[in-house]
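K.L.:
795 is the number that UniProt numbering gives to position 795 of the sequence shown; each next residue is one higher, with no gaps.
Yeah, the Cβ is synthetic: ideal placement off N, Cα and C, and Gly gets one too.
Only a predicted model underlies this, so the values are computations on that prediction, with no experimental measurement involved.
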Amino acid sequence: MKLVIFSSYSTHAIAALLVPAHRRCSRHGDIGVCETWVSVKCNSTFVKLGPTLSDVSVNGVPVAVRNLGAVSRRLGDVHLSRNGQRLVFTSMRHNFEVAFDERRTIKISVSDCLSSKTSGLCGLYDWDAKNEFRTPEDRLVSDARVFANSWASSGGASSDCALSTCPKQTRERAERWCQRIATPPLSHCLENKALLESSINSCADVVCDCLASAGGDDKKCMCSAIEGFVSKCKTSMRSQIASEWRLSLGCAPECPAGMQWRECGPSSECERTCDNVHRSKAPDECPEECISGCFCPLGMVRRGDACVPPRMCHDCVCRGHGDPNYISFDGRSFEFQGNCSYVLAQHISGEKALDFQVVGVNVECPEEPRTTCTQGVIISYGDSHVRISKGQRVQFDGKELQHRDFPWNRQGFNISWVPGRTTVVYVPAINLVVRFFELNYGFSIEVPSFTYSGKMTGLCGDCDLDASNDLQHRSGRQSTDVRDFAYSWLVDGTPEICQVLRSSSQRQVPPELCRFQENACELYVEPGPYQHACLSDASYSRNLSASVCRSKLQYAEHCCATSGVSVHRWLQDSGCDFSCPKNMELRCDTGCPKTCANYKDPESACPVMPTYSCFCKRGYVLKDGECVETKHCEACDDQGHLVGDTWKVSPCETCGCGENLKIRCTSIICPPPPVCRDDEKLHQLPKQNDTCCEAYLCDANLVSSCKSPEPVYCPPGSITRIKTNSEGCPTHVCECDPKMCPPLEWPANLDPGLEAFVDQKGCCSRVSVRCNVNKCPEIPTCPAETELEQALGECCTLYKCAPKNKCAYIHRYKVVNDMQVKLQPGQLYQKMYPVGSSWTDGLCTNCTCSKNFNQYQYSCRVEVCPGQQKDSEDYEYAVEPQSSAACCPAQRRTACKGNGQTYYVGSEWRQPEDGKCRSYRCEESPTTGEALKVVLTQICNKTCHPSERFVEPTPGSGDCCGHCVREFCEENGKLYPVGEEWVSTLRPCFKVQCVRNNVGVVETMYTLQPCPELPTNCPKNNIVRDKTGCCQMCKSIPGPCAPHTLESSRTLQYFTLYDNVRGMCSNTEPILDLAECRGNCTSRTIFDAETNNFTSKCNCCTIKKSRPAKVSLSCENGQRIQKDYQNPIECSCSLCGGDKASSPDLAVPIPL
């Protein structure tokens, strides 16, 4: 409906308490300028659409149009979108839709389930048009204006809502333009010719309304009005006449790059985007609407405000961080403690071209014992592997990449790396993105569901929009136990070896410490999972602040990648800020960093979502792994000389590369050899390396009685030479030398009639000035209010038109946005002022015109602002004007200063001269609200755990306090020195050793103790646990003593011996009928009356009879040898420890 009909009031409720429409008008001269918007209150969500298609806010927070999809995912039952030339609000819960288009037309659609449940200007929706004019008091009226005014919201009738008027000339022009509706092809849209006049009036209303909005363009407004008329056509007719009416009226639509205009595009429910690429409706489910506007070409989908192929929608993202906390591709959150390496994600569909694998490497956290962290990831694609590890260089196929190698763009991988901060790996062929964040042991894996839906496995689950099946065991079954599911994705090791027993002591963490609300990202990312992870990790942490920051950093990264929104200030306020390398700064920016190779390329859609990391400062780009100014990207020549480089071409010529990439060379001109006296001889000295000019010496070869020659003054352009006079004695003479002449200097700003010329008298030419009366200016004709004055000049009579009875003043300033701006030379203008008048030039110059001695002169007083009071170095502040539209505005402290730098509120810094333990923080004064510089003195806590000792800070480290270094291992409250071994009292199945690792850190190393082999034929009811509960054992050895033939697989490498010539030898093939003596023999301890003591008798199952056999052994040098052995054929119980060699037939079966 069109609100302009009832525009005398600014706020009308359309669907009571839910959808108010707003109109605010102001006057600029005779023209009324109006803004129209609509707001929607749905449950706890308040959305504002308009006044333009770029203006959307949710709960009072402005939202960029490109982020409407992210906000919709967060809100759940509310969907916001830009659909063609309109903004659309859809409530899935209440089944209604509000659309606001560029013509400020508001359209509300409701489902049948809301019949008889609405009220307001749109009526009751009960299929009875007779009762539409019902007031809030449920009173039926007949007057439309009375009905409309009854629905004005509180405070709606105000001067801001005065009826907008269209200037007469504008209205007439709009109506002439809209008369085209009556002619073909537009007239084909009029099914009822009686509606022609009202259609023309409506069209003219739209033109006037459009022009009344700030910045309305005539042609654009008129074309928009025709588009509104055509939008009411039948769909078939719209398509038929679209090209013809646009060509005839010159209304060609414009779209952003990569998009195209469609007269009948899909509705918001059916437009394909990265958010619904797998959820979009079938064509027969879409409403029959014909929406005009800019849409993506066929085969492309909308991602933010750009169009991309669906394979570039990274809508499946798996994340992990901290201790470790995982969020699967489909959004399922879980925690898992486990050392060793695990498959995070891998492709399994069988399409080789899509194969990849990402493995997470978990270790016991160095900062948090008894917890694990993801120390790195390994990405495999094709035949290449990328290994990222915290604190180490990135490895590509086993080779460490150096700083100069980044950004890496080879062999199908794009890799960017900020040491100690962030690594991003992008595989363009399959649109895989893997990021690793060292500061919080975090990672993310991003894949397009268009390519990988239903084709993924690992800890990250399957990218199929179904979180219920994310705990899929490696065997293919669904698991309900996270540990069972996670251990099944082990790359190596066993659950027993890789498990980490979490500390039983758990602290109570204040909930406000993990508060994630009230930040710029709350609108885009659900903070719940991160708040839970924060509380869980912090409860077991030894370093509370570091643990909290790990979750907050991952939340900031998620927010940046999802919406491009930064929460940098929130992190700073939380104490989670971190520094960046030289010439870099922390921000949320594109995943495609600027480099020397691409900084000149036009902006294009980056295939990688934004990331929160260190980026080059503005004006800097990446080159060889470092941030440099762009001027260092260009070379002056093919040899690669950069701006600022200087080099020698030859001993006499030096060249340099200037800021304009031009090479400028300087040559040395050598002086001529000296002229020696007659009694001297010229000698050339040996030339030194890299010298340009030859060196000479005049040697005296005879004794002269002549006096020393008198010096003479030589004019410019001449040099002194020594000549021999008539008496044979040397004397100084002047000779012209053109090389010594100074360059010609031409005078500037000569008076009228004067001209410069070259005077060639003497050794050197010079520029002189002479009068040429033929060049004198003509007598001017003076305009009104001026009179002709004349005066003698240096060459000509000078004339000027002087103000008559007025002062002429040239204005040099203008005021823009309450600020004084100096005019450019071409913008200066002159203005006449009568005697006694006053005026201002800019904000600071106040002038008056007066008459003195029959001369009309102006005098100006320039207001000079008092200099800003300088504070002492310890408390110096940056200030800015507190009020505008004044020459000398009041100053307000906005930031602190120190070290010659500016620090804003929330920043902390140190000053070298103050030592390591003193720092400064810039805070907001609670009384004045201005910046306040606070001195912080750090007090060191030297109390360490009994297993640690305190170490003072290393000289030159910059640290104020030392730290505790672990010197003993601790288990169950007991301390163990380095080198000691013991059986664990907490994990009895493990042997423990206190060791110092290769970096000098003392750590506790657990080793699972091996268990004896369980007999293969032990009955199940005889299998029990030993006293430790770690190993299985058989209660009794089953069966009588007898030969038992071994399984063929157990006979491999049964016989092994070392030969001094051939090396290690063993059988590599199974041995048939190889037997062992096994079984139960009676052993007892009885009382012997003769000895009056207990005696023991032990029997063992040994060989009674054997037969010789041969076995072939393979050796390391490739040779084979044959050996004899005795294979048992009969066994018996005999005294243990007896003489086994007493009978040659009872040889033990060992290699010979």
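Measure from the alpha carbon of residue 1135 to the alpha carbon of each residue in 1100, 1109, 1107 and 1121, then state which is nearest.
P.N.:
Numbered from its first residue, the sequence shown carries residue 1135 at position 1135. Per the Cα distances, 1100.
K.L.:
DSSP three-state label for residue 1086, please.
P.N.:
Mapped onto the sequence shown, residue 1086 falls at position 1086. Looking at residue 1086 - three-state DSSP - the assignment turns out to be strand.
K.L.:
In whole angstroms, give me the CA-to-CA distance for residue 1109 and residue 1081.
P.N.:
Your numbering for residue 1109 matches position 1109 in the sequence shown. Your numbering for residue 1081 matches position 1081 in the sequence shown. Cα-Cα distance, rounded: 27 Å.
K.L.:
Please classify residue 945 as buried or exposed, where buried requires at least 16 neighbouring CB atoms within 10 angstroms.
P.N.:
Position 945 of the sequence shown holds residue 945. Exposed, by the Cβ-count rule.
K.L.:
According to DSSP, what are the bridge partners of residue 73?
P.N.:
The sequence position of residue 73 within the sequence shown is 73, counting from 1. According to DSSP, which records beta bridges pairwise, residue 73 is partnered with nothing at all.
K.L.:
Look at residue 1008 and residue 496 and say whether their C-beta atoms are less than 8 Å apart.
P.N.:
Position 1008 of the sequence shown, counted from the start, is the residue given in the question as residue 1008. Position 496 of the sequence shown, counted from the start, is the residue given in the question as residue 496. Yes.
K.L.:
Residue 257 to residue 813, Cα distance in whole Å?
P.N.:
The count along the sequence shown starts at 1 and reaches residue 257 at position 257. The count along the sequence shown starts at 1 and reaches residue 813 at position 813. C-alpha separation (whole angstroms): 40 Å.
K.L.:
Only counting the same chain, and skipping five residues up and downstream in sequence, which positions put a Cβ closer than 8 Å to that of residue 160?
P.N.:
Along the sequence shown, one-based indexing puts residue 160 at 160. Confidence in residue 160 is poor, its pLDDT being 49 and thus under 50, which makes the residue's placement unreliable; the coordinate value appears in the next sentence. For residue 160, where only same-chain residues beyond five positions count, the Cβ hits under 8 Å are 10, 24, 25 and 26.
K.L.:
What are the boundary residues of the alpha helix (DSSP H) that residue 536 is part of?
P.N.:
Here the question's residue 536 lines up with position 536 in the sequence shown. Its alpha helix (DSSP H) spans residues 528-540.
K.L.:
Determine the burial state of residue 713: buried for a count of at least 16 other Cβ atoms within 10 Å of its Cβ, exposed for fewer.
P.N.:
Counting from 1 along the sequence shown, the entry for residue 713 is found at position 713. With fewer than 16 other Cβ atoms within 10 Å, it is exposed.
K.L.:
Which same chain residues, not among the five before or five after residue 467, have their C-beta less than 6 Å away from its C-beta?
P.N.:
In the sequence shown, the residue the question calls residue 467 occupies position 467. Here the set comprises 330, 331 and 332.
K.L.:
Determine the direct distance from the alpha carbon of residue 167 to that of residue 204, and round the result to whole angstroms.
P.N.:
Your numbering for residue 204 matches position 204 in the sequence shown. Your numbering for residue 167 matches position 167 in the sequence shown. Distance between the alpha carbons of residue 204 and residue 167: 12 Å.
K.L.:
On the DSSP letters alone, give me the boundaries of the beta strand (DSSP E) that residue 1043 sits inside.
P.N.:
As a working mapping, residue 1043 is identified with position 1043 in the sequence shown. Note, residue 1043: beta strand (DSSP E), 1042-1045.
K.L.:
Thinking residue 520 and residue 570 are a contact (beta carbons under 8 Å), I'd like their distance in whole angstroms, please.
P.N.:
Stepping through the sequence shown from its first residue, residue 520 is reached at position 520. Stepping through the sequence shown from its first residue, residue 570 is reached at position 570. The pair is a contact, with the Cβ atoms about 7 Å apart (cut-off 8 Å).
K.L.:
Can you give me the C-alpha to C-alpha distance between residue 689 and residue 696, rounded to a whole angstrom?
P.N.:
The residue given as residue 689 occupies position 689 in the sequence shown. The residue given as residue 696 occupies position 696 in the sequence shown. When rounded, the distance between both Cα atoms is 16 Å.
K.L.:
Going by the CB atoms, is the gap between residue 908 and residue 894 shorter than 8 Å?
P.N.:
Here residue 894 refers to the residue found at position 894 when the sequence shown is read from its first residue. Here residue 908 refers to the residue found at position 908 when the sequence shown is read from its first residue. No, they are not a contact pair.
K.L.:
DSSP three-state label for residue 860, please.
P.N.:
Translated into positions along the sequence shown, residue 860 becomes position 860. It is a strand residue.
K.L.:
Take residue 446 and list the residues in its own chain whose beta-carbon comes closer than 6 Å to its own, dropping the five residues that flank it on each side.
P.N.:
In the sequence shown, the residue the question calls residue 446 occupies position 446. Result list for residue 446: 314, 317 and 433, in chain order.
K.L.:
Closest by CA to residue 391, which one among 465, 412 and 439?
P.N.:
One-based indexing of the sequence shown puts residue 391 at position 391. Among 465, 412 and 439, the Cα nearest to that of residue 391 is on 439.
K.L.:
Across the segment 645-665 and the segment 593-610, are there enough close Cβ pairs to call them in contact, namely three or more that are closer than 8 Å?
P.N.:
In short, these stretches do not touch, since the Cβ pair count stays below three.
K.L.:
Is residue 834 near residue 801, with beta carbons less than 8 Å apart?
P.N.:
Here residue 834 is taken as the residue at index 834 of the sequence shown, counted from 1. Here residue 801 is taken as the residue at index 801 of the sequence shown, counted from 1. Not closer than 8 Å, so no.
K.L.:
If you run the structure through DSSP and keep just helix, strand and coil, what is residue 1063?
P.N.:
As a working note, residue 1063 is residue 1063 in the sequence shown. Note: residue 1063 maps to strand in three-state DSSP.
K.L.:
Tell me whether the segment 990-1004 and the segment 1032-1052 touch, counting them as touching only if at least three CB pairs, one residue from each stretch, are closer than 8 Å.
P.N.:
No, they do not touch.
K.L.:
Is residue 343 helix, strand or coil by DSSP?
P.N.:
Walking along the sequence shown from the start, residue 343 turns up at place 343. DSSP places residue 343 in strand when its eight states are reduced to three.
K.L.:
Return the bridge partner residues of residue 993 from the DSSP annotation.
P.N.:
Here residue 993 corresponds to residue number 993 of the sequence shown, with the count starting at 1. DSSP, once it has assigned bridges, lists 981 and 1005 as partnering residue 993.
K.L.:
Relative to the C-alpha of residue 536, which candidate in 845, 509, 552 and 634 has its C-alpha closest?
P.N.:
In the sequence shown, the residue the question calls residue 536 occupies position 536. Taking only the C-alpha atoms, the option nearest residue 536 is 509.
K.L.:
Verify whether the separation of the beta carbon atoms of residue 343 and residue 513 is less than 8 Å.
P.N.:
In the sequence shown, counting from the first residue as 1, residue 343 sits at position 343. In the sequence shown, counting from the first residue as 1, residue 513 sits at position 513. Cβ atoms of residue 343 and residue 513: not closer than 8 Å.
K.L.:
State the Cα-Cα distance for the pair residue 248 and residue 106, rounded to the nearest angstrom.
P.N.:
In the sequence shown, the residue the question calls residue 248 occupies position 248. In the sequence shown, the residue the question calls residue 106 occupies position 106. Those two C-alpha atoms are separated by around 29 Å.
K.L.:
Taking Cβ positions, are residue 376 and residue 84 nearer each other than 8 Å?
P.N.:
In the sequence shown, residue 376 corresponds to position 376, counting from 1. In the sequence shown, residue 84 corresponds to position 84, counting from 1. Cβ distance not < 8 Å, so residue 376 and residue 84 don't count as in contact.
K.L.:
Below 8 Å CB to CB, which residues in the same chain sit around residue 687 once its five sequence neighbours on both sides are set aside?
P.N.:
On the sequence shown, residue 687 is found 687 positions in, with the first residue counted as 1. Hits under 8 Å: 694 and 695.
K.L.:
Under 8 Å, do residue 493 and residue 596 count as touching if we go by C-beta distance?
P.N.:
The sequence position of residue 493 within the sequence shown is 493, counting from 1. The sequence position of residue 596 within the sequence shown is 596, counting from 1. No, these two residues do not count as a Cβ contact at 8 Å.
K.L.:
Would DSSP call residue 235 helix, strand or coil?
P.N.:
Working through the sequence shown from its first residue, we reach residue 235 at position 235. Residue 235: helix per DSSP, three-state reduction.
K.L.:
State yes or no: is the C-beta of residue 947 within less than 8 Å of the C-beta of residue 986?
P.N.:
Stepping through the sequence shown from its first residue, residue 947 is reached at position 947. Stepping through the sequence shown from its first residue, residue 986 is reached at position 986. Not closer than 8 Å, so no.
K.L.:
Looking at the structure shown, is residue 1033 part of a helix, part of a strand, or coil, going by DSSP?
P.N.:
The residue labelled residue 1033 in the question sits at position 1033 within the sequence shown. Residue 1033 falls in the strand class under three-state DSSP.
K.L.:
Beta carbon of residue 762: closer than 7 Å to some heavy atom of the ligand ADP?
P.N.:
Absence of the ligand ADP is noted for the structure shown, with no ligands found whatsoever.
K.L.:
Cβ of residue 858 within 8 Å of Cβ of residue 805?
P.N.:
Position 858 of the sequence shown, counted from the first residue, corresponds to residue 858. Position 805 of the sequence shown, counted from the first residue, corresponds to residue 805. Cβ atoms of residue 858 and residue 805: not closer than 8 Å.
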